[in-house]
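To start, the structure itself, in structure tokens.
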Amino acid sequence: MHTMQQNEDTRRMTKSPPTTSGTDSPEHLASLLARVAATQCRAAFSELFAYFAPRLQAYGTRQFGNEQIAADLVQETMTNVWHKAHLFKADKGSPATWIFTIARNIRFDFLRKNKHRQHDLSADDLWPILAEQNESLDDDYALDHDVLMQEITEYYQQLPDNQRLVIEKIYLEGKSQQEVSDSLGIPLGTVKSRTRLALQKLREMIVNHD
Amino acid sequence: MIKFHPSEEILQQFAVGDLSPALSVVVATHVDMCSHCAKQVQEIEHLMAEKFSQTAKGIGSSQMDTMLEQIFASNEPAYQVIQDTDNIISLEGKRFKLPATLARQKDRIGPWSKVPGKLYRAPVNLGSGECMNLIYMDEGSSVPEHTHKGQEATLVINGVFHDESGEYRDGDFILMNSHDQHAPQTQNEDCLTLAVLDAPMHFTSGISRLLNPFSSLFFR
Chain A
1 MHTMQQNEDT
11 RRMTKSPPTT
21 SGTDSPEHLA
31 SLLARVAATQ
41 CRAAFSELFA
51 YFAPRLQAYG
61 TRQFGNEQIA
71 ADLVQETMTN
81 VWHKAHLFKA
91 DKGSPATWIF
101 TIARNIRFDF
111 LRKNKHRQHD
121 LSADDLWPIL
131 AEQNESLDDD
141 YALDHDVLMQ
151 EITEYYQQLP
161 DNQRLVIEKI
171 YLEGKSQQEV
181 SDSLGIPLGT
191 VKSRTRLALQ
201 KLREMIVNHD
Chain B
1001 MIKFHPSEEI
1011 LQQFAVGDLS
1021 PALSVVVATH
1031 VDMCSHCAKQ
1041 VQEIEHLMAE
1051 KFSQTAKGIG
1061 SSQMDTMLEQ
1071 IFASNEPAYQ
1081 VIQDTDNIIS
1091 LEGKRFKLPA
1101 TLARQKDRIG
1111 PWSKVPGKLY
1121 RAPVNLGSGE
1131 CMNLIYMDEG
1141 SSVPEHTHKG
1151 QEATLVINGV
1161 FHDESGEYRD
1171 GDFILMNSHD
1181 QHAPQTQNED
1191 CLTLAVLDAP
1201 MHFTSGISRL
1211 LNPFSSLFFR
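Written out as structure tokens, the structure is:
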């Protein structure tokens, strides 16, 4: 009994540093990014903001020695996170690494704009982390296209409404993602993330059925 | 097999964004061609991010709320697409495929001009006031022996050239300082290189470099 109590205490103690607690874990932060990408969830974004904004502020202050410029860096970095969360790829690194590299790029451009060089090389040319891979569907979508055409009608009706609508327009009406974005009045990034999520779900349904 | 790589110090400065624009392009192009250095840059970014995660600076809650509101009300930033289609340049009837970073700078490549010694040169104007050129050495060409006022960074894009100290092939990165004398030449193969003269090693906006929080990580 005594030993068990001790184990309890040890466990509680190892949990106490903020970096190892559940709410700050890379997995949790990644799930928040996924929610922002899929549903533009403001609560999830607010949680990301509460975690990353003070860290970005510290980074910016160290880099620029100026709190206001640091605040601008926070604002610009997190604005990109809000709109581009669908570009985060969990298999390529942690959320902290992704957000740090966005801030690094913004710093690179800030330092050059201060020198009045508007047409200078930009950080996106060097590290295109916020560029979409391609206008057309990514390769892995294309590969699955034939299979999906055969099976899709059977399964797609089970999708959540917002995903089903996007899939209907792209695969049954043959619209481009940009056209879907325009016709539904939602950001292109949202169309892309809904497509991705819907295809994942369809894939699971098809696999489970087989 | 790439034999000559940027030093860890240069990769480090590249990853934090402290290299000059021209040298950044040369290193980024090498990284496109070299999976070894690409992995190292990823590791450095990961280390930086860990360090970045460790320090927070409080922001007032009303300021936090204002920032959040502005973000939710903001328009989606300009949409960037990677164009992989146009990455070929032609010269003297030969075609060269440019690595991704250099391909993105294709519009900044100026006209080719002939230089004595069976050489051709095209400026790459990054708008940073740096002297960056694509240099094409035809078969059996040579550059007179020379030294450099400052530093010269050279990256082999395609082909092979030699100097007194060795042979350089696709992807090799060479940094020479003012003490290095060399006389590059080609033999049976031609060679396309990207070169930056007087490449400043550091991004020179003084205070940002002094305040660079990461320098202690690699330079002890």
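Heads up: the protein sequence lines correspond to chains A and B, in order. Position 150 of the first sequence, counted from 1, bears residue number 150 in the numbering used here, the numbering being contiguous throughout. Position 63 of the second sequence, counted from 1, bears residue number 1063 in the numbering used here, the numbering being contiguous throughout. Ideal Cβ positions, reconstructed from N, Cα and C, are used throughout, including at glycine.
Item	Value
So, helix, strand or coil for B/Phe1173, using DSSP?	strand
Given A/Leu143, which residues of its chain have a CB within under 8 Å of its CB, disregarding the five upstream and five downstream residues?	Legend: pLDDT at A/Leu143 = 42, less than 50; position of this residue unreliable, no value from coordinates given.
Once DSSP output is grouped into helix, strand and coil, what is the label at B/Ser1113?	strand
According to a CB-to-CB cut-off of less than 8 Å, which residues of the stretch 1062–1076 of chain B neighbour chain A?	Gln1063, Met1064, Met1067, Leu1068, Gln1070, Ile1071, Phe1072, Ser1074 and Glu1076
Using only the alpha-carbon positions, how far apart do A/Ala71 and B/Asp1163 sit?	50 Å
Determine, using beta carbons only, whether B/Glu1045 comes closer than 7 Å to chain A.	yes
Can you tell me where the alpha helix (DSSP H) holding A/Glu47 begins and where it ends?	Arg42 to Phe64
The beta strand (DSSP E) spanning B/Cys1131 covers which residue range?	Cys1131 to Met1137
Please compile the residues from chain B whose C-beta is within a distance smaller than 8 Å of the C-beta of A/Glu179.	Those do not exist, as A/Glu179 stays about 15 Å from chain B at its closest Cβ, beyond 8 Å.
Among the candidates B/Gly1093, B/His1036, B/Gln1187 and B/Val1025, whose CA atom is the shortest distance from the CA of B/Leu1102?	B/Val1025
Measuring straight from C-alpha to C-alpha, what distance separates A/Lys169 and A/Lys192?	13 Å
Distance cutoff 7 Å, beta carbons only. Does A/Met205 sit that close to anything in chain B?	no
My output table needs one value for A/Asp109: the three-state DSSP class, helix, strand or coil.	helix
Just reading off the beta strand (DSSP E) that B/Cys1191 is part of, what are its end residues?	Cys1191 to Leu1197
So with Cβ pairs under 7 Å, would you call B/Gln1080 a contact of chain A?	yes
Roughly how many angstroms separate the alpha carbons of A/Val166 and A/Arg42, rounded to a whole number?	22 Å
Per DSSP, what kind of secondary structure is B/Gln1185 in: helix, strand or coil?	strand
Would A/Pro187 pass as an interface residue toward chain B - the criterion being a Cβ-Cβ separation below 7 Å?	yes
Would B/Pro1099 pass as a contact of B/Asp1032 if the rule is Cβ separation under 7 Å?	yes
Restricting to runs no shorter than 4 residues, where is the alpha helix (DSSP H) found entirely within the stretch 1061–1104 of chain B?	1061–1073 and 1100–1103
In chain order, what residues of the same chain have a beta carbon less than 6 Å from the beta carbon of A/Ala90, not counting five sequence neighbours either side?	Ala30
Specify the secondary structure class of A/Thr79 as computed by DSSP and reduced to three states.	helix
Of all the residues that make up the stretch 1099–1110 of chain B, which are near chain A by a beta-carbon distance shorter than 9 Å?	Ala1100, Thr1101, Arg1104, Gln1105 and Arg1108
Taking buried to mean at least 16 other C-beta atoms within 10 Å of its own C-beta, is B/Gly1093 buried or exposed?	exposed
Between the C-alpha atoms of A/Ser94 and B/Tyr1120, what's the straight-line distance to the nearest angstrom?	45 Å
If the cut is a Cβ gap below 9 Å, which residues of chain B does A/Gln57 touch?	Ala1056, Lys1057, Gly1058 and Ile1059
Let me see if you follow: with CB-CB separation under 7 Å, is B/Phe1173 close to chain A or not?	no
With DSSP run on the structure shown, which of helix, strand or coil describes A/Leu130?	coil
Using a Cβ-Cβ cut-off of 7 Å (strictly less than) and excluding sequence neighbours within five positions of B/Lys1003, which residues of its own chain qualify?	Asp1172
Can you tell me whether DSSP reads B/Val1156 as helix, strand or coil?	strand
Is it true that the stretch 77–87 of chain A meets the stretch 1054–1074 of chain B, where meeting means three or more beta-carbon pairs spaced less than 8 Å apart?	yes
For A/Gly189, which of A/Arg35, A/His28 and A/Thr23 has the nearest alpha-carbon?	A/Arg35
I'd like the list of long-range same chain contacts for A/Leu48, defined as Cβ closer than 6 Å, with 5 residues on each side in sequence excluded.	Leu32
Can you grab the Cα-Cα spacing for the pair A/Ala96 / B/Ala1049, in whole Å?	6 Å
Determine, using beta carbons only, whether B/Leu1126 comes closer than 7 Å to chain A.	yes
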